[in-house]
Structures are given as structure tokens and as C-alpha cells.
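Residue numbers (our numbering): 1 to 160.
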């Protein structure tokens, strides 16, 4: 099976290089396009403000949260652009997409919107209670995606 459009889900962990390499390798062999995606989890949208006795805002954390979010988005885009440049140097057309949201739902939605044939995603190797408590984006994507998903296995953090 040849893929035409491959979405690579990158999460800024040490495992992202493996996911990227696998996605680029597939894109090269199939002459496919590549979409490099990163999803930031959002800061709570609840504005927090401390007021004086008369209700006048003294400290508004909402503005600081927005600045932090904006800075994180800029850093993530720059990080993705470095991967994009690597892909293009290898002859693979690559686009980037970075958004704030729920990672598994956003990745599936992005794959649908971009008409991806394949999602390449990493798995950290969490097992048992750790996976139950912390969740697994890769597991959610495998179950929710309406297309093929390639899971690149990472090292088990408890044994690495």
C-alpha cells in the first residue's frame, strides 16, 4: 500500500525523532506529502483576577496565561519548522500545524481535514496503572482515527 499524505504526530519528547524518522522514511519511499503536527494542551480559559476591596483588579493572571500560551505556540512552531527543514532537505514536501486542544481528538480531526492516509504517532511505553492514570494519546488515536495508524514504540520509561 502506498501512502500519499502522512501525518506525523510529534510531542517534543525524546521519542519525536524516531517518529519523525519513520514518517520521513515512509514519505520518501512512497513520494508522499508530510504534515508535521504538534498539539499543545491549553491553559485553563478561566480568567483569574485578584481584586481590591472595591472590585478593582489588582492582578490579572489571564493576560500572563495568554502570553505564556502564545510563547509556547511560537516555540512549538519553531521546533516544527526545524523538522520541516530536515524533511525538505531530504526531498519530502512537509507542512506544519500546531494548535491548542485535546491531542487525540485534534490529531484525528487534523488527519480528517488534511485527508491523511496514515497517522504516525509515538508511544512512550507506559503500561498498567501508569497508562490508566496518565492516559495514552496513541491508544486514543488508534481507537478514534478513521484511517491507518502506525505506532512507533518507545522505551518503557520505568526500565529505561
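Positions of the beta carbon are idealized from the N, C-alpha and C atoms, including for glycine.
On a predicted model such as this, the values are computed, not experimentally measured, just so you know.
So what's residue i in DSSP terms, helix, strand or just coil?
| i | result |
| --- | --- |
| residue 24 | helix |
| residue 140 | helix |
| residue 152 | strand |
| residue 89 | helix |
| residue 124 | coil |
| residue 18 | helix |
| residue 134 | Note that residue 134 scores a pLDDT of 42, beneath 50, so its modelled location is shaky; the value from the coordinates is reported in the next line. In the structure shown, residue 134 sits in a helix (DSSP, three-state: H, G or I). |
| residue 80 | helix |
| residue 9 | strand |
Tell me the residue span of the alpha helix (DSSP H) that contains residue i.
| i | result |
| --- | --- |
| residue 104 | 103 to 114 |
Looking only at C-alpha atoms, which of the options sits nearest to residue i?
| i | options | result |
| --- | --- | --- |
| residue 163 | 38, 151 and 115 | Here the chain covers residues 1 to 160 and nothing more, so residue 163 does not appear. |
| residue 114 | 28, 36 and 15 | 36 |
| residue 22 | 118, 143 and 137 | 118 |
| residue 11 | 109, 145 and 136 | 136 |
| residue 81 | 120, 17, 25 and 95 | 95 |
| residue 25 | 75, 92 and 69 | 92 |
| residue 144 | 73, 97, 79 and 106 | 106 |
| residue 104 | 72, 68 and 149 | 149 |
| residue 122 | 15, 3, 67 and 112 | 15 |
What residues are listed by DSSP as bridge partners for residue i?
| i | result |
| --- | --- |
| residue 38 | 98 |
| residue 73 | Bridge partners of residue 73: none, in fact. |
Report task. Determine, using beta-carbon pairs with one atom in the segment 60 to 70 and one in the segment 25 to 33, whether at least three such pairs fall under 8 Å. Result -> no
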